[in-house]
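In this note's numbering, the protein residues as written are 1 to 251.
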C-alpha cells in the first residue's frame, strides 16, 4: 500500500478506498491461504491409499503455505483492504484441517497406535485441539502460542521416520493432549524477536533436513533424523528461556 493511502487511513479519511490492484493482491493472498485445503484433501487421499511418502509431501506443501501466508497478508494489508473478509478465521480453519485432522487421520489409518486405543487417542487430539483453536489467546498479543501449539503433523512425521512403538506413540500423544491445557508459552518462530535470525536460519535448515529425509524415505539416514530433532529441542528450550528466563530476570 502506498504512503499516501496509509496516511489517509491513519488520519481517518473516509474517502480512501483500496485500488483494484490492492484488492486483487488481497484476494490472491486469501486464495493462497485457502489452497491449504486442497493440500489437506490430497493428503487424505494419499493416506487412504497407504501412500505415506506422498501424504507427507502434501502435508509439507500445506506447511509451506502456512509459513508464508501470514507474512504476505501483512505485506498486502488484507485487513485494511478487505475488512469484510475474516482472514484469521480462514487461517484457523485451514490450520485445524492440516495440523490436526489430517495427522489424526494419518495416525489412525497407518495403525501407529495400539488397536484398542486408536479411536480414543485420535479423538482426544481432535477435541483438545478444538478447545485450543477456540481460545481467544491461543496466539498471544506478544506473539506466542499458549499451550502445545498443535504440531501434530510434525509429531506424526517423526513417529513414522523413527518407527517408534505403538504404545510409545499413544503415550506421547496423550501427553501432548494434556499439554494443550497447560498454559506454557511457545515461541512463534516467524515472529519471535529474540535470536530471530538464528531461529529462522535453524528453521530453514530443519526444513531442508526433513525434506532430505522425506526424499530418502523409507531408506533415510537415521543421523539426519537425529540432527533434525535437535531443532525441536532448541525450539522448546528457547521458548522456556524467552518466557521464564525473562520473567526471572524481571522478577
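No residue lacks a Cβ here, since even glycine has one placed at the ideal position from N, Cα and C.
In whole angstroms, what separates the C-alpha of residue 108 from that of residue 119? 7 Å
Sufficient close CB pairs (3 or more, under 8 Å) joining the segment 181–196 to the segment 214–226: no
Please determine if the segment 26–40 and the segment 93–101 are in contact, where contact requires at least 3 C-beta pairs separated by less than 8 Å. Counting C-beta pairs closer than 8 Å gives three or more between the segment 26–40 and the segment 93–101, which meets the contact rule.
Determine the closest residue to residue 55 out of 91, 215, 23, 76, with distance taken between C-alpha atoms. 215
Output the distance between the C-alpha atoms of residue 206 and residue 227, rounded to the nearest integer angstrom. As the crow flies, the alpha-carbon of residue 206 is around 8 Å from that of residue 227.
Which runs of the alpha helix (DSSP H) fall wholly inside the segment 96–127 and span at least 4 residues, in chain order? Entirely contained in the segment 96–127, the alpha helix (DSSP H) runs reaching 4 residues are, in chain order, 102–109.
Length of the line joining the Cα atoms of residue 231 and residue 203: Taking C-alpha positions only, residue 231 is separated from residue 203 by approximately 7 Å.
Thinking C-beta only, is residue 173 closer than 8 Å to residue 121? yes
Candidates 127, 86, 233, of which the one nearest residue 178 by Cα: 127
Through-space distance from residue 123 to residue 67, alpha-carbon basis: Straight-line spacing of the CA atoms in residue 67 and residue 123 works out to 27 Å.
Test: residue 231 CB closer than 8 Å to a CB of chain D: Absent from the structure: chain D. Only one protein chain is present.
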